[in-house]
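J.: What follows is a single structure, and I will ask about it in a moment.
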């Protein structure tokens with residue numbers, strides 16, 4: 043990818059890095075605001091039911107006490123005194139009275155000048171309790187009561203009992219209803235019949251006609267409480283959450299955008315450094331020995347590109363190789379490796395005909411006309427026996443064999459050897475392994491690591507070895523680090539290996555000393571590599 047592409051990609055990712063966290067925070071604010079609103083409604087309905095349950099128990103106890111000890115004739119001084127004592131004993135009972143049919147004939151809240159006809163009860167329970175809501179008594183103007191009657195006695199409670207959780211100016215709505223027919227025993231605010239009609243004796247929450255509604259059943263009776271909030275208030279809850287989460291999302295977005303920018307700048311900086319590295323001649327080569335497992339001699343080495351920048355810092359191949367591929371300069375690195383190998387390893391290869399140096403070709407190299415030219419020039423002008431050089435290609439490079447064909451033929455025409463590298467990690471066409479008469483198959487370290495572990499994938503390693511043998515190819519195992527791995531590979535007929543067990547990547551001088559110590563491989567007339 044060129045500089046312009048990198049800038050455009052970084053800009054696009056930067057915009058996403060800014061917008062995604064902020065958008066997510068707004069979504070979370072929407073969710074949190076709604077959850078906060080629902081939590082408020084749930085808390086209100088729970089509190090209403092708790093108060094109603096306490097009031098029910100107190101009223102039931104007060105009426106039962108009167109039934110058990112009437113204390114005189116109906117509405118007598120003695121009975122009214124008894125009623126007054128009981129109403130004073132229960133916090134939710136404002137007063138008590140005597141019923142005659144649907145009429146209240148006396149109460150402890152003052153002498154009645156006349157009967158108060160209550161009319162048909164607003165609600166009733168199977169226990170025999172009757173409910174009248176919003177009852178006003180003579181002599182107490184502007185004060186309403188809920189009257190609960192049973193067995194000829196009545197208990198009077200504040201009509202706002204349970205509903206006084208809300209300020210009278212509150213935009214929320216609240217209702218308490220009783221029985222299977224959902225008789226409303228008290229309410230405040232807007233209550234729609236379709237809301238109670240949706241209730242099926244289970245906790246529900248829903249939106250309807252501009253309101254968020256919660257209906258909660260009592261745990262002890264057939265009553266339920268309803269609370270509703272206008273969606274305009276829900277939106278206010280959302281805004282409140284957005285004031286908290288929005289800046290967090292924005293800050294996170296800014297941080298991510300900064301991180302993207304830093305990565306992009308580093309990538310652009312590395313890209314610039316990579317271009318300058320060719321001019322400053324910062325690339326060099328290290329060599330990792332390849333060992334004959336049968337005798338421990340060194341039969342070759344893999345040339346590995348290395349980069350030490352002008353600050354003396356080694357840049358990892360895992361960083362600069364993908365970067366070079368992305369910027370289309372991997373071919374220049376391959377060419378530089380060839381130049382270095384020819385310059386510094388020629389003497390070693392001429393004096394040790396049983397030793398070879400292998401050079402990696404990237405998929406881009408296999409598809410490049412320049413690579414063909416370099417192969418021909420190398421064969422014609424390098425003072426090195428062609429058999430002393432081997433080129434390693436990856437399975438990824440063979441995924442488009444028609445593009446790789448000319449370079450592979452140029453390798454063969456030059457008399458160089460060929461190996462397929464990291465076998466088993468790509469998707470090469472097996473027919474091309476035979477078509478181009480590859481000499482070696484290199485088993486990737488990921489497969490070697492499974493040897494001796496009992497992992498099912500270790501069987502794949504053995505299949506790869508058998509495949510190479512069936513195609514007439516010799517095997518080089520990469521990444522060998524233990525004697526146990528070496529023993530398993532050797533027992534399976536693997537001829538060659540490389541890895542830290544034998545030697546780490548080293549300079550050409552160190553390689554010469556290493557070969558002098560372990561001995562070089564036999565010349566081509568005596569062995570195959």
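Numbering (my numbering), first residue to last: 43 to 571. Backbone N, C-alpha and C define an ideal beta-carbon position, used for all residues, glycine too. Remember, it's a predicted structure, so these values are computed and weren't measured experimentally.
1) Does DSSP put residue 339 in a helix, a strand or coil?
2) Taking buried to mean at least 16 other C-beta atoms within 10 Å of its own C-beta, is residue 416 buried or exposed?
3) Measure the Cβ-Cβ separation of residue 324 and residue 372 and say whether it is below 7 Å.
4) Can you tell me whether residue 237 is helix, strand or coil according to DSSP?
5) Using the beta-carbon count (16 or more within 10 Å), is residue 434 buried or exposed?
6) Hey, out of 328, 115, 268, 232, whose CA is closest to residue 545's CA?
7) Once DSSP output is grouped into helix, strand and coil, what is the label at residue 558?
8) For residue 271, which three-state DSSP category applies?
9) Looking at C-alpha atoms only, which residue of 493, 513, 113 is the closest neighbour of residue 519?
10) Going by alpha carbons, who is nearest to residue 149 out of 133, 124, 172?
11) Quick check on residue 552: does DSSP put it in helix, strand or coil?
12) Exposed or buried, what is residue 111 when buried is set at 16 or more other beta-carbons lying within 10 Å of its beta-carbon?
13) What does the alpha-carbon distance come out to for the pair residue 522 and residue 440?
14) I need the straight-line Cα distance from residue 561 to residue 367, nearest angstrom please.
15) Excluding sequence positions up to five away, which residues of its chain have a Cβ less than 7 Å from the Cβ of residue 530?
16) Expressed to the nearest angstrom, what Euclidean distance is found between the alpha-carbon atoms of residue 359 and residue 375?
17) Give the straight-line distance between the Cα atoms of residue 334 and residue 399, rounded to the nearest whole angstrom.
18) Closest to residue 195 by CA distance: which of 99, 485, 147 is it?
19) Buried or exposed: where does residue 422 fall if 16 or more other Cβ atoms within 10 Å of its Cβ makes it buried?
20) Quick check: residue 508 and residue 484, are their CB atoms within less than 7 Å of each other?
21) Exposed or buried, which one is residue 504 when buried takes at least 16 other CB atoms within 10 Å?
22) Which class does residue 185 belong to by DSSP, given the choice of helix, strand or coil?
23) Can you tell which of 487, 240, 537 has its C-alpha closest to the C-alpha of residue 510?
24) Would you call residue 315 buried or exposed, if buried means 16 or more other Cβ atoms sit within 10 Å of its Cβ?
25) Tell me which residues share the same chain as residue 347 and place their Cβ nearer than 7 Å to its Cβ, disregarding the 5 neighbours each side in the sequence.
26) Return the bridge partner residues of residue 229 from the DSSP annotation.
27) Measure the beta-carbon distance from residue 176 to residue 186 and round it to whole angstroms, keeping in mind my assumption that it falls under 8 Å.
28) Just how far apart, CA to CA, sit residue 259 and residue 242?
29) For residue 542, count neighbouring Cβ atoms within 10 angstroms of its own Cβ and tell me buried if that reaches 16, exposed if not.
30) If we count the other Cβ atoms within 10 Å of its Cβ and call it buried at 16 or more, is residue 134 buried or exposed?
31) Please state the DSSP three-state secondary structure of residue 128.
T.: Reading from the atomic positions:
1) Numbered from 1 along the chain shown, position 297 holds the residue referred to as residue 339. Of the three classes helix, strand and coil, the one that applies to residue 339 here is coil, per DSSP.
2) The residue labelled residue 416 in the question sits at position 374 within the chain shown. Residue 416 should be labelled buried.
3) Numbered from 1 along the chain shown, position 282 holds the residue referred to as residue 324. Numbered from 1 along the chain shown, position 330 holds the residue referred to as residue 372. No, the Cβ-Cβ distance between residue 324 and residue 372 is not below 7 Å.
4) Start at 1 with the first residue of the chain shown, and residue 237 comes out as number 195. Helix, per DSSP.
5) Mapped onto the chain shown, residue 434 falls at position 392. Looking at its Cβ environment, which holds 16 or more other Cβ atoms inside 10 Å, residue 434 is buried.
6) Taking the first residue of the chain shown as position 1, residue 545 is located at position 503. It is 328 whose Cα lies nearest to the Cα of residue 545.
7) Locating residue 558 in the chain shown gives position 516, counting from the first residue. Looking at residue 558 - three-state DSSP - the assignment turns out to be helix.
8) For the purposes of this step, residue 271 is identified with residue 229 of the chain shown, where counting begins at 1. Note: residue 271 maps to strand in three-state DSSP.
9) Counted from its first residue, the chain shown places residue 519 at position 477. Minimum Cα distance to residue 519 is reached at 493.
10) One-based indexing of the chain shown puts residue 149 at position 107. It is 124 whose Cα lies nearest to the Cα of residue 149.
11) On the chain shown, residue 552 is found 510 positions in, with the first residue counted as 1. Three-state DSSP puts residue 552 in a helix.
12) Position 69 of the chain shown, counted from the start, is the residue given in the question as residue 111. Counting Cβ neighbours within 10 Å, residue 111 comes out exposed, since fewer than 16 surround it.
13) Working through the chain shown from its first residue, we reach residue 522 at position 480. Working through the chain shown from its first residue, we reach residue 440 at position 398. Looking at the two C-alpha atoms, the distance is approximately 26 Å.
14) Locating residue 561 in the chain shown gives position 519, counting from the first residue. Locating residue 367 in the chain shown gives position 325, counting from the first residue. Using only the alpha carbons, I get a separation of about 37 Å.
15) Taking the first residue of the chain shown as 1, we reach residue 530 at position 488. Taken in chain order, the residues that qualify are 493, 494.
16) Numbered from its first residue, the chain shown carries residue 359 at position 317. Numbered from its first residue, the chain shown carries residue 375 at position 333. Cα to Cα, residue 359 sits roughly 11 Å from residue 375.
17) If you number the chain shown from 1, residue 334 lands on position 292. If you number the chain shown from 1, residue 399 lands on position 357. Roughly 14 Å between the two C-alpha positions.
18) By one-based count along the chain shown, residue 195 stands at place 153. It is 147.
19) In the chain shown, the residue the question calls residue 422 occupies position 380. The residue is exposed, with fewer than 16 neighbouring Cβ atoms inside 10 Å.
20) The count along the chain shown starts at 1 and reaches residue 508 at position 466. The count along the chain shown starts at 1 and reaches residue 484 at position 442. Contact: no.
21) Counting from one through the chain shown, the residue named residue 504 turns up at place 462. By the neighbour-count rule (16 or more Cβ atoms within 10 Å), residue 504 is not buried but exposed.
22) Here residue 185 refers to the residue found at position 143 of the chain shown. If DSSP states are grouped into helix, strand and coil, residue 185 belongs with coil.
23) Position 468 of the chain shown, counted from the first residue, corresponds to residue 510. Residue 537 is the option with its Cα nearest to residue 510.
24) Here residue 315 corresponds to residue number 273 of the chain shown, with the count starting at 1. So residue 315 ends up on the buried side.
25) In the chain shown, counting from the first residue as 1, residue 347 sits at position 305. Contacts found: 325, 327, 359, 375, 379.
26) Position 187 of the chain shown, counted from the first residue, corresponds to residue 229. 217, per the DSSP bridge assignment.
27) Within the chain shown, numbered from 1, the residue matching residue 176 stands at position 134. Within the chain shown, numbered from 1, the residue matching residue 186 stands at position 144. About 5 Å separates the two Cβ atoms, so the contact holds.
28) To locate residue 259, count along the chain shown from 1; it is residue 217. To locate residue 242, count along the chain shown from 1; it is residue 200. Taking the straight line from one Cα to the other gives about 9 Å.
29) Residue 542 sits at position 500 when you count from the first residue of the chain shown. It counts as exposed.
30) Taking the first residue of the chain shown as position 1, residue 134 is located at position 92. With 16 or more other Cβ atoms within 10 Å, it is buried.
31) Your numbering for residue 128 matches position 86 in the chain shown. Of the three classes helix, strand and coil, the one that applies to residue 128 here is helix, per DSSP.
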